[in-house]
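First comes the structure, then the notes that go with it.
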Amino acid sequence: MTTKDFNESLSGFTSKLHLDKHISRRFNEELEQVRTLVMEMGSLVEQQVNDGLNAVLDADESLAIKVIDRDQKVNAMELEIDQYCTQILARRQPAASDLRLLVSVIKSITDLERMGDEAVKFGKNAIKLAKGNFIEEEGARPLVELRHLGKHVIETLRTALRAYAQMDVETALTIIRNDSVIDEEFDNISRLLVTKMMENPREIKNALRVTWCARALERIGDHTTNLCEYIVYLVEGKDVRHSTLEQMAAKMESE
Amino acid sequence: MNNIEITQDPLAQVELTETVGNIYADDAKMSIRNANVYYGEKQAIHDVSLDLAKNQVTALIGPSGCGKSTFLRCLNRMNDTIDICRITGQLMLDDEDIYAKNLDPVLLRARVGMVFQKPNPFPKSIYDNVAYGARIHGLTNNKAELDEIVETSLQKAGLFNEVKDRLKDPGTGLSGGQQQRLCIARTIAVSPEVILMDEPASALDPIATAIIEELIDELKEKYTIAIVTHSMQQAARVSQHTAYFHMGKLVEMGKTEDIFTHPSHKLTENYITGRFG
Amino acid sequence: MTNSIDKNITGNATPAKLQTKLSTTEKVALSLKKRHQKERRFRNTGFSAVLFGFMLVVILIGDITTKALPAFHQHWVKLDVNYQSDWLSVDANLSGYELTQQLKTANFRKVLRNSLYPMFVNEQTPKLSRKDKRSAFKLFSSNAEFTIRDALLAAPEDLNETVSIWVRLDDDVDSYLKEGFAFGTAGLRIDEQQAQWVAKLEQEQRIESRFNTSFFTASDSREPELAGIKGALMGTLLTMFVTLLLSFPLGVAGALYLEEFAPKNRLTDIIEININNLAAVPSIVFGLLGLAVIINLFGLPRSAPLVGGIVLTLMTLPTIIIASRAAIKAVPPSIREAALGLGASKMQVTLSHVLPQAMPGIITGGIIGIAQALGETAPLLMIGMVAFIVDVPTSIADSATVLPVQIFLWADSPERAFLAKTSAAILVLLTLLLVINTTATVLRSKFEKK
Chain A
1 MTTKDFNESL SGFTSKLHLD KHISRRFNEE LEQVRTLVME MGSLVEQQVN
51 DGLNAVLDAD ESLAIKVIDR DQKVNAMELE IDQYCTQILA RRQPAASDLR
101 LLVSVIKSIT DLERMGDEAV KFGKNAIKLA KGNFIEEEGA RPLVELRHLG
151 KHVIETLRTA LRAYAQMDVE TALTIIRNDS VIDEEFDNIS RLLVTKMMEN
201 PREIKNALRV TWCARALERI GDHTTNLCEY IVYLVEGKDV RHSTLEQMAA
251 KMESE
Chain B
1001 MNNIEITQDP LAQVELTETV GNIYADDAKM SIRNANVYYG EKQAIHDVSL
1051 DLAKNQVTAL IGPSGCGKST FLRCLNRMND TIDICRITGQ LMLDDEDIYA
1101 KNLDPVLLRA RVGMVFQKPN PFPKSIYDNV AYGARIHGLT NNKAELDEIV
1151 ETSLQKAGLF NEVKDRLKDP GTGLSGGQQQ RLCIARTIAV SPEVILMDEP
1201 ASALDPIATA IIEELIDELK EKYTIAIVTH SMQQAARVSQ HTAYFHMGKL
1251 VEMGKTEDIF THPSHKLTEN YITGRFG
Chain C
2001 MTNSIDKNIT GNATPAKLQT KLSTTEKVAL SLKKRHQKER RFRNTGFSAV
2051 LFGFMLVVIL IGDITTKALP AFHQHWVKLD VNYQSDWLSV DANLSGYELT
2101 QQLKTANFRK VLRNSLYPMF VNEQTPKLSR KDKRSAFKLF SSNAEFTIRD
2151 ALLAAPEDLN ETVSIWVRLD DDVDSYLKEG FAFGTAGLRI DEQQAQWVAK
2201 LEQEQRIESR FNTSFFTASD SREPELAGIK GALMGTLLTM FVTLLLSFPL
2251 GVAGALYLEE FAPKNRLTDI IEININNLAA VPSIVFGLLG LAVIINLFGL
2301 PRSAPLVGGI VLTLMTLPTI IIASRAAIKA VPPSIREAAL GLGASKMQVT
2351 LSHVLPQAMP GIITGGIIGI AQALGETAPL LMIGMVAFIV DVPTSIADSA
2401 TVLPVQIFLW ADSPERAFLA KTSAAILVLL TLLLVINTTA TVLRSKFEKK
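In the order they appear, the protein sequences are chains A, B and C.
Mapping to our numbering: the first sequence position 251 is 251, numbers consecutive.
Count along the second sequence from 1, then add 1000; that gives the number in our numbering.
Count along the third sequence from 1, then add 2000; that gives the number in our numbering.
Written out as structure tokens, the structure is:
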């Protein structure tokens, strides 16, 4: 996330949720701090996913190790934000939008942490793939597909985080609606890899590793969708989880 | 779809025309339609309509001077005692107009009891405090029956075990929380249908408050309750429906869980989250 | 920003000022000394004011008491009375009822004279001159004649016997004995001859000082030695009874109506202003009203406690209403609301909650009103309660006078002995006031306990 994005997010998030309008200035600052921490964690996770994927695609072992190590920081941030939110809940007993903000933050960071975990999976697989020469020999095609899927997932994640920063419900809803695209792409990669495995049983191990990476990307896509659902909940107060697109549309229409 | 107030300019003056949310109850014990209250030339309540759902707790919240207490006091005609107070609109208890000419306010107040902000036991014994209502309404002439009424009322108010050995002691000698429960017992003793509570716990410590809140929860099994409170947490804890008043108008009414998680009106939002603007 | 201001201040300040720049604590400590001094001065002023007032009261009470003391005892003298039937001009042979009838109209003055002249003769003056006789007779109370009559009526068998009987001395002699003036002092109303006689009587141990019961059992009289306060006391009690009976219920009812029931409009405002003004109207105006309306228009008897009571009621009503209204206003509205909220009617709220709560205040107001009425003279002068009344009033329609008027009358009398009587009557009035106040305090605390 660039500095420009961050600054934009600052205005969007703060002004749309009126985080500067509390009678208690301290409360404003606390919520602002939560926002900053979440955004920080978001950009960290985004970087983790990006680096992890690159490690896989480029068979870059050192980058992979870096990704694995950096997960500690993601975990620590999750704990920190969690604790901070708990404290605010206990001390301020927030209601309405403040309550929704904290609840969605608590949920969001779980998803972000999971994404971090998926990034670690990339790292681990990347190390193993780097040792297995898969990339030079058989992996060219699947890896192109994987790169394609990865690019899409990361783009979606980046959009979702920007939507989060700006409380952009429309964008969030679009992402939720388009979740099936990622699923389809994942199915394509799976099919391709299954073919590869049947053609060349010696490479099953590596093919499975690529499958797992694709699976991880698909999971990241799901977590991104969750993030977007939290945005809708936070802004609209409507829970659109576990609903079909039709149900969701109905909910959004209803008062 | 984008009718969410918080996306608008927070400083924009909100012209309130209609109440947001749902004012209707499936099973209304009291229903108020287009109530206006005037103090002399000044209008204190503007066109308020709402239902009090039977055997449920309805909380009235809002900033000081928003008219919520005034509105509550209209429901058992306590405002009759103020000469310059004038009320228009339709206020119904079951199917009776409580401002009908042929309806005696004394009878109404026996049906719609009231508990006040400050515990106000009479400077009499605990027993006499509870028995007073039954006595003045001539509910019984029998000493044993009166004892029975006093005991059950105190029990319902959760006070009996604490005071059973000192029923002859003055009611003013009890602690604040006990006094308030005594006042509730006194109200219950007349067997009202509706109990109005005007900030019943605002003068009490948290434990006494919790006891009163628990009591309110139990009482709703038998009575319809309307409670005015300054504590939003209290409204959230005890009520099933919440009505938010602002400048004499009913801004929003709805289920308590909705009001406290995602209120529809910007003013409600600002009030319950402690925002200005 | 703050720094620059600081610099400005310190920059402009002279070095001397800089040195004397004190911390807040030091400034407070400095001012504290002054404040404590002020506080002490204030406290001492208050204390001396109280002390001064207290001293005045002590001096007043002490003065009145010392002046009143002589009134509580009086001197009696023992006479050897010879009930000769021919002096009495009664038939000694009669007995029973007929004798009693004759004795009632018999000439006891002759018996008295003939019995007492021998006491004052001696070798030098075997026979008293007319002048001496008159001055000897003057030593004794004019009531002595009736004292010896009553003694004989009580024991008719003493006819034609000589009996020792105690009679009162005249008030001038009484005063002379009590106060022991030198001759020539103003106010001394006995001459040297009489003084010698009194000395002789004392020598013969015929004179005795006794507690003055007649002060409490007799009514007013022209003779100080016979005058008592019973009539005035009864008059006062009857008048107060009427006043209390009328003003208290009327005042409380009026106050309750105005506070609890009356609508707040221009009319009630006018009534309120008028009540406040009435409290400040000179009391004699009420007397005029009583004379014009109650006596002349309604034809009630003049000088009667009934009329006095009505007039004093008019005078005390505003006081009672104002005090009662204040007391009713002070009843916390929460109590009213509580009762109303339970469905009590307006009257039930008023009678069972407001009135008992306001009672201590109302009683205080009532007592202030009654105490005011107790000491009132002016309006009663207008309705004729200033008359000289010898009979003890027995009903509220009898002619009567009241203690303050009695005090006023006695203070106006020339006889020296009335001076002590006046003070004694004041003491009685003060005692009455004390009794009323004590009763009120007891009642008050009883109501407050509830």
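Just so you know, even glycine gets a beta-carbon here, dropped at the ideal spot from N, CA and C.
Bear in mind the structure is a predicted one, so any value in this text is a computation, not a measurement.
Thinking S2175/C and A2417/C are a contact (beta carbons under 8 Å), I'd like their distance in whole angstroms, please.
-> Translated into positions along the third sequence, residue 2175/C becomes position 175. Translated into positions along the third sequence, residue 2417/C becomes position 417. That pair is a contact at about 5 Å.
C-alpha gap between V1014/B and M252/A, whole angstroms = As a first step, residue 1014/B is located in the second sequence; it is residue number 14 there, counting from the start. As a first step, residue 252/A is located in the first sequence; it is residue number 252 there, counting from the start. Note that V1014/B scores 48 on pLDDT, short of 50, meaning its location in the model is unreliable; the coordinates nonetheless yield the value given after this. Distance between the alpha carbons of V1014/B and M252/A is about 24 Å.
Whole angstroms is fine: what's the gap from L2433/C's alpha carbon to I2396/C's?
-> Start at 1 with the first residue of the third sequence, and residue 2433/C comes out as number 433. Start at 1 with the first residue of the third sequence, and residue 2396/C comes out as number 396. Whole-angstrom Cα-Cα distance: 21 Å.
Taking 7 Å as the cut-off, decide whether the C-beta atoms of S2219/C and G2231/C are in contact.
-> Counted from its first residue, the third sequence places residue 2219/C at position 219. Counted from its first residue, the third sequence places residue 2231/C at position 231. Yes, the pair counts as a contact, with Cβ atoms nearer than the cut-off.
Could you please tell me which residues of the stretch 1083-1098 of chain B, in chain order, have their CB closer than 7 Å to any CB of chain C?
-> Taking 7 Å as the Cβ-Cβ cut-off against chain C, the residues of the stretch 1083-1098 of chain B that qualify are D1083.
Coil, strand or helix - T1229/B by DSSP = Position 229 of the second sequence, counting from 1, holds the residue named residue 1229/B. Residue state, collapsed to three classes: coil.
Please name the residue, chosen from I2229/C, S2283/C, V2307/C, L2088/C, that lies closest to I2294/C on a Cα-to-Cα basis.
-> In the third sequence, residue 2294/C corresponds to position 294, counting from 1. Considering only alpha carbons, the answer is V2307/C.
E2415/C versus P2224/C: straight-line alpha-carbon distance, rounded | Position 415 of the third sequence, counted from the start, is the residue given in the question as residue 2415/C. Position 224 of the third sequence, counted from the start, is the residue given in the question as residue 2224/C. Each residue's Cα considered, the two are about 7 Å apart.
When the distance is taken between beta carbons, is G2228/C closer than 7 Å to T2239/C?
-> Here residue 2239/C refers to the residue found at position 239 of the third sequence. Here residue 2228/C refers to the residue found at position 228 of the third sequence. No, the Cβ-Cβ distance between T2239/C and G2228/C is not below 7 Å.
Based on the DSSP output, what are the partners of M2382/C in its beta bridges?
-> Mapped onto the third sequence, residue 2382/C falls at position 382. BP columns for M2382/C are empty, so no partner.
Excluding the five sequence neighbours on either side, which residues of its own chain have a C-beta within less than 6 Å of the C-beta of R241/A, listed in chain order?
-> Here residue 241/A is taken as the residue at index 241 of the first sequence, counted from 1. The answer, listed in chain order, is E229.
Which residues in the same chain as T2377/C place their Cβ atom closer than 7 Å to its Cβ, once the five residues preceding and following it in sequence are excluded?
-> Within the third sequence, numbered from 1, the residue matching residue 2377/C stands at position 377. If the five residues before and after T2377/C are omitted, its C-beta is found closer than 7 Å to the C-beta atoms of P2404, V2405, F2408, all from its own chain and listed in chain order.
Establish whether the CB of G2361/C and some CB of chain B are separated by less than 7 Å.
-> Working through the third sequence from its first residue, we reach residue 2361/C at position 361. No, because no Cβ of chain B sits closer than 7 Å to the Cβ of G2361/C.
Would you mind reading off the limits of the beta strand (DSSP E) that contains G1089/B?
-> On the second sequence, position 89 is the one that residue 1089/B refers to. Counting along the chain, the beta strand (DSSP E) containing G1089/B begins and ends at 1085-1093.
Can you tell me whether DSSP reads T1273/B as helix, strand or coil?
-> As a first step, residue 1273/B is located in the second sequence; it is residue number 273 there, counting from the start. Helix at T1273/B.
Exposed unless 16 or more other CB atoms sit within 10 angstroms - verdict on V1020/B | Taking the second sequence and counting its residues from 1, the one referred to as residue 1020/B is at position 20. Classification of V1020/B: buried, given that the 10 Å Cβ count is 16 or more.
Report the partner residues of P1200/B according to the DSSP bridge assignment.
-> Start at 1 with the first residue of the second sequence, and residue 1200/B comes out as number 200. In the DSSP output, where bridge partners are listed per residue, P1200/B has none listed.
Would you call the CB atoms of I1207/B and M1232/B closer than 7 Å?
-> Stepping through the second sequence from its first residue, residue 1207/B is reached at position 207. Stepping through the second sequence from its first residue, residue 1232/B is reached at position 232. It is not a contact, given that the beta carbons lie outside the stated cut-off.
Contacts that A95/A makes with chain B (C-beta to C-beta distance below 8 Å) | Working through the first sequence from its first residue, we reach residue 95/A at position 95. Per Cβ cutoff of 8 Å: M1232, A1236, F1260, T1261, I1272, T1273.
So with Cβ pairs under 7 Å, would you call E2448/C a contact of chain B?
-> Locating residue 2448/C in the third sequence gives position 448, counting from the first residue. Not an interface residue.
Could you tell me which chain C residues have their CB closer than 9 Å to the CB of P1123/B, listed as they occur along the chain?
-> Against the second sequence, residue 1123/B aligns to sequence position 123. Here the neighbours are I2335, H2353, P2356, Q2357, K2450.
When Cβ atoms are compared, which residues of the stretch 1024-1049 of chain B fall closer than 8 Å to chain C?
-> none
Taking L2443/C as the query, report the chain B residues whose CB atoms sit under 8 Å from its CB, ordered along the chain.
-> What you label residue 2443/C is simply residue 443 of the third sequence in a count that begins at 1. Within chain B, no residue comes near L2443/C; the closest Cβ sits about 17 Å away, beyond 8 Å.
For the candidate residues L17/A, A96/A, P142/A, whose alpha-carbon lies nearest to that of T195/A?
-> Against the first sequence, residue 195/A aligns to sequence position 195. Comparing Cα positions, the closest option is P142/A.
Kindly indicate if chain B contains any beta-carbon less than 7 Å away from that of K1999/C.
-> Because residue 1999/C is not part of the residues shown, which for chain C are 2001 to 2450, the question remains open.
Min CB distance S2247/C to chain B below 7 Å | Against the third sequence, residue 2247/C aligns to sequence position 247. No, its Cβ sits nowhere closer than 7 Å to a Cβ of chain B.
Nearest-angstrom Cα distance between A1309/B and Q1180/B?
-> In the structure as shown, chain B starts at 1001 and stops at 1277, and residue 1309/B therefore has no counterpart that could be examined.
Going along the chain, which residues of its own chain have a beta-carbon closer than 6 Å to the beta-carbon of V2331/C, five neighbours each way excluded?
-> Taking the third sequence and counting its residues from 1, one reaches residue 2331/C at position 331. Cβ within range, chain order: V2354, Q2357, A2358.
Which stretch, first to last residue, makes up the beta strand (DSSP E) that contains E1955/C?
-> This structure leaves residue 1955/C out entirely; chain C is present only between 2001 and 2450.
L2258/C CB to nearest chain B CB: under 7 Å?
-> Locating residue 2258/C in the third sequence gives position 258, where the first residue counts as 1. Taking Cβ atoms only, chain B never reaches closer than 7 Å to L2258/C, which makes this a no.
Proximal residues to A2092/C (C-beta, below 7 Å), its chain only, five neighbours per side dropped | Taking the third sequence and counting its residues from 1, one reaches residue 2092/C at position 92. The residues are S2085, L2159, N2160.
A2327/C CB to nearest chain B CB: under 7 Å?
-> One-based indexing of the third sequence puts residue 2327/C at position 327. No, because no Cβ of chain B sits closer than 7 Å to the Cβ of A2327/C.
Comparing alpha-carbon positions, which option in A1131/B, G1171/B, L1159/B lies nearest L1146/B?
-> On the second sequence, position 146 is the one that residue 1146/B refers to. Here the closest residue by C-alpha is A1131/B.
Taking a Cβ distance cut-off of 9 Å, strictly less, list which residues of the stretch 2339-2352 of chain C are near chain B, in chain order.
-> Residues passing the 9 Å Cβ filter: A2339, L2340, G2341, L2342, G2343, A2344, S2345, K2346, Q2348, S2352.
Do I1980/C and V2252/C have their C-beta atoms closer together than 7 Å?
-> Any answer about residue 1980/C is impossible in this case: the structure gives chain C only from 2001 up to 2450.
Does DSSP classify K2078/C as helix, strand or coil?
-> The residue given as residue 2078/C occupies position 78 in the third sequence. It is a strand residue.
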